[in-house]
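Residue numbers (the UniProt record's numbering): 1 to 449.
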């Protein structure tokens, strides 16, 4: 019996074709998933600036400082790149690429502060610095601020890179040996294994859960796309004659979205509070312009105080102490340390005041004793001078009496002077007594006495 093999052959071809189509669809779906993950993680970034994506066609490396050339950038006073727009976009991608270099920033280092202790940050900055045009003196003057901002951006890109790797290569393979295999060419195998073991540590898993819950509480997302807050602030400043937007205006510029009710509500509430403050100032015949502190009060009343080292609406590298009137929320150990410091300072101030009071009291008593001693010695000196003057008068009186008696005897007369006569003579002549070696003031006191 002969079998017709042609139908079977056709069915096999159809099956192979279907299998190929399924494989193609699976590959396309995987590409779509990777693209969605990249878009999601880019949108969750603090400034949502562009970074390398997991495109299976290869890494999209920015065209930056090719052939040893340098790139011109204009930086604001905070060290943030603001112009030219196209160059700033390439600058952001370049920093993102630099943060993925496992030779500089290893994935098996779990705390960014460890890089500051070594030389990796210095090496990275030296490489980045050589790509920038430093011919402008203003750029040279801001070099310290520029480096600070660059380090903050590298830190953020490094964390974002690890988050992307986790979502693409670890989370789908949890519980299998595949989780230890990362097919991204930028990742060292040894570093990846160490990173996976770190993620599976119980303490780290709890921290991840807490961070995930915190991110879920975010009410509003900015709508700036790949533009940085520094660029938006700089553009507003150029349009408005060099005037920077205040924090409330900056929030409005970066969170306008028709489908975001929370942002619209926050903006409306800020405007209402600002209008009320202006009305109150007008009623008090004061200028209705609000200063930085008043604007920050409105901002905080709607969105709360700053909880981290940065300042919302200013981008990377701006710290609270650089913005007038920023109110920072201090929690946990910071509050405890602050309370201990204030208590310690209060105790020191109390001890200082008590010591000062005792010192003042002792000084006052010593001054009184010194004055009393001086008065005592002065009175003793006056008394001694009076006694000396009295003795001189008495001796003079006796000598005069003896001379008179002798003269009378020669004439055959006798005289017996009485003590009352001598005392009377002393009292009559005391006003004319001159006391040698005595001050004019003491002489007057002796005369009065």
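For glycine and all other residues, C-beta sits at the position ideal for the given N, C-alpha and C.
Quantities reported herein were computed from a predicted structural model and do not represent experimental measurements.
Terminal residues of the alpha helix (DSSP H) in which residue i lies
i           : result
residue 306 : No alpha helix (DSSP H) contains residue 306, which DSSP labels as neither H nor E.
residue 150 : 143-165
residue 99  : 85-99
residue 80  : Run containing residue 80: none; DSSP gives neither H nor E here.
residue 265 : 261-283
residue 128 : 120-129
residue 116 : 113-117
Chain-order list of residues whose beta-carbon lies under 6 Å from that of residue i (same chain, five-residue window excluded)
i           : result
residue 188 : 102
residue 112 : 155
residue 72  : 133
residue 118 : none
residue 323 : 311
residue 192 : 182
residue 158 : 99 and 105
residue 276 : none
residue 250 : 313
Residue burial classification, residue i (beta-carbon count within 10 angstroms, cutoff 16)
i           : result
residue 400 : exposed
residue 165 : buried
residue 92  : buried
residue 227 : buried
residue 115 : buried
residue 25  : The pLDDT assigned to residue 25 is 45, lower than 50, so where the model puts this residue is not dependable, and the model offers no usable value.
residue 174 : exposed
residue 274 : buried
residue 406 : exposed
residue 359 : exposed
residue 348 : exposed
residue 209 : exposed
residue 216 : exposed
residue 373 : exposed
residue 176 : exposed
residue 390 : exposed
residue 395 : exposed
residue 81  : buried
residue 379 : exposed
residue 376 : exposed
residue 403 : exposed
residue 239 : exposed
residue 153 : buried
residue 95  : buried
residue 233 : buried
Own chain partners of residue i with C-beta closer than 8 Å, once the 5 adjacent residues on each side are dropped
i           : result
residue 452 : Residue 452 lies beyond the residue range present for the chain, which begins at 1 and ends at 449; the question has no answer from this structure.
residue 148 : 79 and 317
residue 48  : Interpretation of residue 48 is limited by its pLDDT of 38, a score under 50 that renders its predicted location unreliable; the figure taken from the coordinates is listed afterwards. 42, 222, 224, 225 and 226, listed in sequence order.
residue 265 : none
residue 196 : 170, 179 and 180
residue 410 : none
residue 331 : Summary for residue 331: the model assigns pLDDT 48, below 50, so the residue's position carries little reliability, and this model does not support an answer.
residue 162 : 107 and 195
residue 50  : The predicted model places residue 50 with a pLDDT of 38, which falls under 50 and marks its position as unreliable; any figure quoted below should be read in that light. 42, 89, 92, 93, 96 and 226, listed in sequence order.
Beta-carbon contacts of residue i that lie in its chain and below 7 Å, excluding the five residues immediately before and after
i           : result
residue 67  : none
residue 120 : 104 and 105
residue 236 : 245 and 253
residue 128 : 98 and 150
residue 70  : 131, 132 and 133
residue 139 : 75
residue 257 : 223 and 263
residue 315 : 47, 80, 228, 229 and 230
residue 268 : none
residue 123 : 104
Contact test: residue i Cβ vs the ligand MG heavy atom, cutoff 8 Å
i          : result
residue 88 : For the ligand MG, the structure offers nothing, since it holds no ligand at all.
Subject >> Three or more C-beta pairs below 8 Å linking the segment 142-149 and the segment 85-92 >> reply: The segment 142-149 makes no contact with the segment 85-92, as fewer than three CB pairs between them are under 8 Å.
**OP:** At 3 residues or longer, and completely inside the segment 191-250: list those beta strand (DSSP E) runs for me, N to C.
**Re:** Secondary structure within the segment 191-250: not one fully enclosed beta strand (DSSP E) run of 3 or more consecutive residues is present.
**OP:** Give a yes or no on contact between the segment 237-248 and the segment 282-302, applying the rule of three or more CB pairs nearer than 8 Å.
**Re:** In short, these stretches touch, since the Cβ pair count reaches three.
**OP:** Would you check if there are 3 or more beta carbon pairs closer than 8 Å linking the segment 104-120 to the segment 188-204?
**Re:** Yes, the segment 104-120 touches the segment 188-204.
**OP:** Pair every Cβ in the segment 199-219 with every Cβ in the segment 271-281, then say whether three or more of these pairs are closer than 8 Å.
**Re:** No, the segment 199-219 does not touch the segment 271-281.
Subject >> 3-residue-minimum beta strand (DSSP E) runs that sit fully inside the segment 342-414, ordered along the chain >> reply: Complete beta strand (DSSP E) runs here, min 3: none at all.
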